Every structure is written in structure tokens, then in C-alpha cells.
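**Student:** So that we are looking at the same thing, I have put the structure below in C-alpha cells.
Residue numbers (our numbering): 10 to 331.
Printed below as a string of C-alpha cells:
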């Protein structure tokens, strides 16, 4: 989600790639939303009714990862008390997402290459060949080309995975997207935690926009959730922003470095454009628009009155469409 040029390019690649069967390699720093991109590709593909199965390769040892991916037969190894299907079988007819693909063992790389080339494999401890119909999407926060050069990753597997390459920029490189992301996460967190918070003040948003976000989108989402859970008002303010973020932004500004601050004017303009776009989509129906925006109808009326007073409201702020 975002309106920066970098993200518009990502969205265009997603739209072009989704209807195909091409393998996709998503690269970018940790927390930039690589799994969200994989889910978007799956959702827009012809496999959307099939399963989306995710495996985080770095979380498992080589032995466990092989069993996790390909399954095993009863008695295949100590502790294998029952037959178990692997993620490839579970993803049949859908999409398999392998996160941190750079961390897989060379022996598993060979088996993975075979599945990509022949669409078949054997469970651990079995000689029976199983055929599968899956689309593979892989992700990494490493430079796989460097891994290939160092002999850590098979070159033939790299080219099989990298039919389409999507590179996600860090959040600090697209600060203009922060208001949109924050608004989305605020709505999601309110729904998940049964809270009624109608928005965020410009000063709070300016602090979020000025922060460097080393943890990227994941850190922003977690921060918004913390603010939602701990806030005692119906609107998030600068006081709700965690102290470590406020201090980091204050320190950056005090040191004379250029912080990626968004002015309250630009934030208000982003909010205004979004409200008008949702009203346009709902043909001026304010009840439906407020519901989609995640705010009360009263709040929407108040904002439209403000826009009308500023002379910036256009037809949606002028009048009686319901």
C-alpha cells in the first residue's frame, strides 16, 4: 500500500505478474512487507481459490525444513510416528511462499530445483513420487546474486526462482506512504482490539513520518497497535507515540540532520484526497464512505464542514448527498 513512485512500480509488476504462472523472487529488507506482496499476487491470480501456504525457512533446521516442505513417512526418522504431508502437498492447486529462501541447505536446494523443473518429489522415507501443481513465490533480505558468487546458493535454482524480480524499498525511502499505511493499520488494529479510535492528530502523524523505521512496515504496524491498545482517547495524539520514537525524532531534528518530516498541511491534503476518493467511489453516500474510512459519520461531516470553510471541499463538501 502506498502512493510513492517506488510502490506504484511494485503494484504494476504485481498486476502484470499475478495472472501468470511465473515464479517470483521478492527482495528487500526485513519488515518491508514481502509476505503481503506474495499474498497480493496470490489473491489476484487464477489460484486465488486455492491455498496460500507460507514457510519461514530460517526458523527451521535443515532436517526439519526438509520434512516440513516435502512431508515424511511413518518411521522415516526418530520421532516420525505418523505419516505427514509437507507444505508442497498442502499448497497443491495454490501458492507456496518460501520466506528467507537464502537460508536453505544445499541438499534441499537440489530437491527444490527438481520440484520447480518437474513438479514432482518424494516424501522423506518414501520412494513414491508425488506430483503437485503449485506456484512458487520466494523472498529474501539477502543479495542472492552475492550468495551465488560465494557458492552458497545454486545458480540454476536462482534463475528458476528469479523469473520475475520485485524489490521492496525500506519505509524510510518512501515516507510519503506512512500516512496511508498508518491509517490502514489503525483501522485494522481497532477492529482486532475492539477499540473505537477515529483517527490521528497531525502532530502524531508528523512524528511517525519523521522516524527512520529500521524495522520498516512491520515496526510501523506494531507501533500503531501499541498506540491503539494503550490510548485513552478517541483520537491518537503525539502523547500516544512511544517515547523511544519521539526521542529519536527529537534527537535527529536537534542534530541538524534532515528528517523526512511531513508538514501538517501535506498530511491534511493526503487525508482530504483519500476522503474525496472514497466519497467518489460510494457516489457521495456518506454513511458508506464513513464505514469504509473507519470513522464515524459525525467525524466525516465535521471534516467536510472544515473543507467547505477552507474552500477546498468541491462538490462532496457542499452538500446534501447521503
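In this text, a Cβ means the ideal position worked out from N, Cα and C, and glycines have one as well.
Just so it is clear, the structure is predicted and the values come from calculations on it, not from any experiment.
By the DSSP assignment, the beta strand (DSSP E) with residue 108 in it spans what residues?
**Tutor:** Unbroken beta strand (DSSP E) run through residue 108: 104-108.
**Student:** Please state the DSSP three-state secondary structure of residue 306.
**Tutor:** Reduced to three states, the DSSP call for residue 306 is helix.
**Student:** How long is the line joining the alpha carbons of residue 148 and residue 206, rounded to whole angstroms?
**Tutor:** The alpha-carbon atoms of residue 148 and residue 206 are separated by roughly 35 Å.
**Student:** How would you call residue 86, buried or exposed, if buried means at least 16 neighbouring beta carbons within 10 angstroms?
**Tutor:** The residue is exposed, with fewer than 16 neighbouring Cβ atoms inside 10 Å.
**Student:** Since residue 186 and residue 13 should fall inside the 8 Å C-beta cutoff, what is the C-beta to C-beta distance between them, to a whole number of angstroms?
**Tutor:** Yes, they are in contact, since the Cβ atoms of residue 186 and residue 13 sit about 5 Å apart, within 8 Å.
**Student:** Contact between the segment 111-123 and the segment 65-83 is defined here as three or more beta-carbon pairs at a separation below 8 Å; is this criterion met?
**Tutor:** Yes, the segment 111-123 is in contact with the segment 65-83.
**Student:** What residues in its chain sit with their C-beta under 7 Å from that of residue 30, if we drop five residues either side in the sequence?
**Tutor:** Only 144 meet the Cβ criterion.
**Student:** Residue range of the beta strand (DSSP E) that residue 79 falls in?
**Tutor:** It is not in any beta strand (DSSP E) - residue 79 instead sits in the alpha helix (DSSP H) that spans 71-79.
**Student:** Write down the C-beta distance between residue 199 and residue 237 rounded to the nearest angstrom, noting that I regard them as a contact closer than 8 Å.
**Tutor:** With 8 Å as the limit, residue 199 and residue 237 qualify as a contact, their Cβ atoms being about 6 Å apart.
**Student:** Where does residue 292 sit, in a helix, a strand or coil, going by DSSP?
**Tutor:** Reduced to three states, the DSSP call for residue 292 is coil.
**Student:** Along the chain, where does the alpha helix (DSSP H) containing residue 336 start, and where does it finish?
**Tutor:** The question about residue 336 has no answer here: the residues shown for the chain are numbered 10 through 331.
**Student:** How long is the line joining the alpha carbons of residue 231 and residue 193, rounded to whole angstroms?
**Tutor:** Distance between the alpha carbons of residue 231 and residue 193 is about 13 Å.
**Student:** Going by alpha carbons, who is nearest to residue 233 out of 259, 154, 258 and 188?
**Tutor:** Taking only the C-alpha atoms, the option nearest residue 233 is 188.
**Student:** Check each candidate in 209, 17 and 22 and name the one with the smallest Cα separation from residue 172.
**Tutor:** Nearest option by C-alpha distance: 22.
**Student:** DSSP three-state call for residue 26: helix, strand or coil?
**Tutor:** Residue state, collapsed to three classes: helix.
**Student:** Do residue 180 and residue 225 come within 7 Å of each other at the CB atom, strictly closer than that value?
**Tutor:** Yes, they are a contact pair.
**Student:** By DSSP's criteria, residue 61 is part of a beta bridge. Which residues make up the other side?
**Tutor:** 104.
**Student:** Reducing DSSP to helix, strand and coil, say where residue 207 ends up.
**Tutor:** Three-state result, residue 207: coil.
**Student:** Do the CB positions of residue 101 and residue 152 come within less than 7 Å of each other?
**Tutor:** The answer is no: Cβ separation not under 7 Å.
**Student:** When you compare only the Cα positions, how much space is there between residue 60 and residue 27?
**Tutor:** Using only the alpha carbons, I get a separation of about 15 Å.
**Student:** Using DSSP with H/G/I as helix, E/B as strand and the rest coil, what is residue 258?
**Tutor:** Correct three-state label for residue 258: helix.
**Student:** Suppose you measure from the CA of residue 138 to the CA of residue 62; what does that come to, to the nearest Å?
**Tutor:** For residue 138 and residue 62, the distance between alpha carbons rounds to 21 Å.
**Student:** Just to confirm the assignment, what range does the beta strand (DSSP E) spanning residue 145 have?
**Tutor:** Note, residue 145: beta strand (DSSP E), 144-149.
**Student:** Which class does residue 284 belong to by DSSP, given the choice of helix, strand or coil?
**Tutor:** Reduced to three states, the DSSP call for residue 284 is helix.
**Student:** Which term fits residue 214, buried or exposed, when burial requires 16 or more other beta carbons within 10 angstroms of its beta carbon?
**Tutor:** So residue 214 counts as buried.
**Student:** Does any CB atom of chain D fall closer than 7 Å to the CB of residue 77?
**Tutor:** Absent here is chain D; the protein component of the structure consists of one chain.
**Student:** By the 10 Å Cβ neighbour count, where 16 or more other Cβ atoms means buried, how is residue 274 classified, buried or exposed?
**Tutor:** Note on residue 274: pLDDT 48, under 50, position unreliable in the model; the coordinate value appears next. Burial call: exposed.
**Student:** In the DSSP assignment, the beta strand (DSSP E) including residue 173 goes from what residue to what residue?
**Tutor:** Element bounds for residue 173: 173-176.
**Student:** Who are the near neighbours of residue 306 in its chain, counting only those whose CB is closer than 8 Å to its CB and skipping five residues on each side?
**Tutor:** Around residue 306: 295, 296 and 299.
**Student:** Mind checking residue 54: buried by the 16 CB within 10 Å criterion, or exposed?
**Tutor:** Per the 10 Å Cβ criterion, buried.
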